[in-house]
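Asker:
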Amino acid sequence: MKKKHGIGYKIDLGLISIINILAYFAWSFLPTVTIRSDGFVYMLSQTYKGFVQRSFFYTSYQNSGMLFGFLFSKLFGVKMELYFWAELVVMLLINVLFYLLVKVVTKNRIIAFSASLMFATSYFGLWDMFTNHCYCFFLERPIVAILLLPSFMFLHVFLQHSKRKYYAFSLILYFLAIGLAHFAILFTGPYLTYPFFYRIFEVGKTKRSIMSGLLYGLSYLLISGLFVLLQQVNESGFGPHKWTFLEFLTHPGLYKYPEKMTLELVYWTQYPTFLKDIATNPLQNLLDIKSAYIYAPYILALYTICSVIIFKTLPKFRALLFSVIFGIAGNFYLNAYFNQWDILSQPDSSRYLFYPSFLLVIFWSLFFWSIFWSRRKAFYHAGFFLLGFYVWINIWLINAHVTWITKWDKSTKAIQEYLIKNRDSLRKNTLVIGPYPEIGIQESIFFTEQLGRGKVRYMSENTNYDNWKDVAPSFSHIIRLHYDEKCGCVAEEKIRQSAISTSRF
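The letter at position 45 of the sequence shown is residue 1334 when you use the numbering used here, and the numbering goes up by one with no holes.
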């Protein structure tokens, strides 16, 4: 028996290694990008001081962002690559935890492997959360998945063995996750519904057991509701002010949330459209709103058919299937309710597809198992071919987008690296004016805090928020930087000496 378990652990380790090797291959570019604009907001000392001085600051949705932003800024300073290495570490850890979660729930390594691999390489689920659109997204949301995934795992073990210590562990982890990042309430759905459906479909069910499952699920909803209430009372609120929850729910025609939810599903599932022309940049084949409406009925029909197949062929996974379906619907509904279904105007990726991606990849892994991997070995190859096709398309999308942001980041990286490299050559009481948009208000504060040492101040040439001309007379030395597109270098203009020197960097 011990030998059998030892072999099983080695298989798990091998599968996890494959997942993370492919994930690293897909996302290894991350340490080469940089942070821009509002991505610095949680790493500013003045932001942190203002935050902790607020009454009941711990009830804010910004807890995770402020905690990890403050910690990372102290640990990493101006070494931008380290901030993104932290992302990679968190990403790979989430992959491991997600594999273990799915394996514990399904007791099936192939389902766990395919689900975790699909999540680890998902362009639509991860791009906007982990790249440099705004580093604040990473600080606010995915880190707490390290708590959420074990929480669900303990919930399943509790339902299976009826040992209350596992239920207590699950609630504690869930409470900490929601408390740190209120955005995690978007993921309440599976915690609410899984205990109920688990009792519904278990052998020997009773009315009492079904009711207990309902109550266990409601305990997670109460935790989410508690933090929403605290946010409403002590902070600016969490959610729209133009409508109430009941009003929104009872007026689907007015607020059009069914079609908003459908379009979210369409955007995540648009992979077949990339087959139209594989010779072009895949970003050019992303669905626009008009095309998404055309595909919507077909996507809904596809999910309906697949759901029926899973229900019929995999009876032991029916509780998981229903929890996944209701969890996806609940997450998409909350996205619409909070008016954050912005993928309609940015269909390439969205941070609001991060949590639904956990459930969507489980759905498709169950479908692949029911059609390909639970049958004759001849079907195995077709299933793994489709899985490989999914991974290939996502890496293709990621690489195409990397090419685009590399061009966008070029001038920003050059300016930031120039500031860091040349800090020690600056004299006391120097004002450095950076070009806009490479240096904005957030960048100027960050570099002043990290590099200024009370002797140098960095400001943006943009005068909308903080006008450098107002403070210029108080500085002994003033340097203005420009980025030269022709040479890809930074030009340094020493204003008080009326001399210009250009460094190629």
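Ideal placement from N, C-alpha and C gives every residue a C-beta, glycine not left out.
1. So with Cβ pairs under 8 Å, would you call W1693 a contact of chain B?
2. Look at R1430 and R1640 and say whether their C-beta atoms are less than 8 Å apart.
3. So, with DSSP's three-state summary, where would you put T1593?
4. Could you round the C-beta distance between I1687 and W1416 to whole angstroms and report it? I think they count as a contact, below 8 Å.
5. For Y1584, which residues from the same chain have a beta carbon less than 6 Å from its beta carbon, with the 5 sequence-adjacent residues on both sides left out?
6. Can you have a look at P1762 and say buried or exposed, based on whether 16 or more other CB atoms are within 10 angstroms of its CB?
7. Going by CA-CA distance only, name the one from V1341, I1300 and V1367 that's closest to E1706.
8. What number of angstroms, rounded off, separates the C-alpha of R1769 from the C-alpha of E1781?
9. What do you reckon, are the CB atoms on V1341 and N1421 nearer than 8 Å?
10. Grouping DSSP H, G and I as helix and E and B as strand, with all else coil, what is S1663?
11. Excluding sequence positions up to five away, which residues of its chain have a Cβ less than 6 Å from the Cβ of L1406?
12. Please list, in chain order, all residues of the same chain as C1423 whose beta carbon is under 6 Å from its beta carbon, the five residues on each side excluded.
13. Expressed to the nearest angstrom, what Euclidean distance is found between the alpha-carbon atoms of I1467 and L1460?
14. Considering only C-alpha positions, which residue in the set F1426, S1714 and F1652 is nearest to A1805?
15. How big is the Cα-Cα spacing for K1775 and S1700?
16. Looking only at its chain, what residues have a beta carbon closer than 8 Å to the beta carbon of S1659, apart from the 5 residues adjacent to it on each side?
17. What residue does the beta strand (DSSP E) around V1779 start on, and which one ends it?
18. Which partner residues of Y1747 appear in the DSSP bridge assignment?
19. Out of R1712, P1561, E1491 and Q1731, state which residue places its alpha-carbon closest to the alpha-carbon of G1741.
20. Identify every run of the alpha helix (DSSP H) within the region 1598-1656, keeping only runs that are complete inside it and at least 4 residues long; order them along the chain.
21. Compute the Euclidean distance between the alpha carbons of D1698 and D1301, then round it to the nearest angstrom.
22. Which of the three DSSP states, helix, strand or coil, is assigned to Y1772?
23. Mapping DSSP to helix, strand and coil, what is H1540?
24. With three or more C-beta pairs closer than 8 Å as the rule, is the region 1560-1576 touching the region 1646-1662?
25. Below 8 Å CB to CB, which residues in the same chain sit around S1498 once its five sequence neighbours on both sides are set aside?
26. Kindly indicate the opening and closing residues of the alpha helix (DSSP H) around M1407.
27. Hey, would you say F1419 sits closer than 8 Å to L1319, going by beta carbons?
28. Using DSSP bridges, identify the partner residues of I1767.
29. State the DSSP-derived secondary structure class of I1789, mapped to helix, strand or coil.
30. Could you tell me whether the Cβ atoms of L1270 and G1339 are closer together than 8 Å?
31. What does the alpha-carbon distance come out to for the pair L1552 and L1437?
32. Taking buried to mean at least 16 other C-beta atoms within 10 Å of its own C-beta, is P1484 buried or exposed?
33. At the level of alpha carbons, what is the spacing between L1333 and L1360?
34. Consult DSSP for A1689 and reduce its assignment to one of helix, strand or coil.
35. Taking 8 Å as the threshold, find out whether the region 1397-1404 comes into contact with the region 1441-1454 through three or more Cβ pairs.
Answerer: Per the coordinate set shown:
1. Absent here is chain B; the protein component of the structure consists of one chain.
2. yes
3. helix
4. 7 Å
5. V1555
6. exposed
7. V1367
8. 6 Å
9. no
10. coil
11. I1308
12. D1327 and G1328
13. 10 Å
14. The structure shown does not extend to residue 1805, since the chain spans only 1290 to 1794, so no value can be given for it.
15. 11 Å
16. I1598, I1599, T1602 and L1603
17. C1778 to K1783
18. V1721
19. R1712
20. 1607-1626
21. 39 Å
22. strand
23. coil
24. no
25. R1488 and E1491
26. R1398 to A1409
27. yes
28. L1720
29. Its pLDDT being 39, under 50, I1789 is placed unreliably by the model, and the measurement read from it follows with that caveat. In the structure shown, I1789 sits in a strand (DSSP, three-state: E or B).
30. There is simply no residue 1270 to check, as the chain begins at 1290 and stops at 1794 in what is shown.
31. 26 Å
32. buried
33. 11 Å
34. helix
35. no
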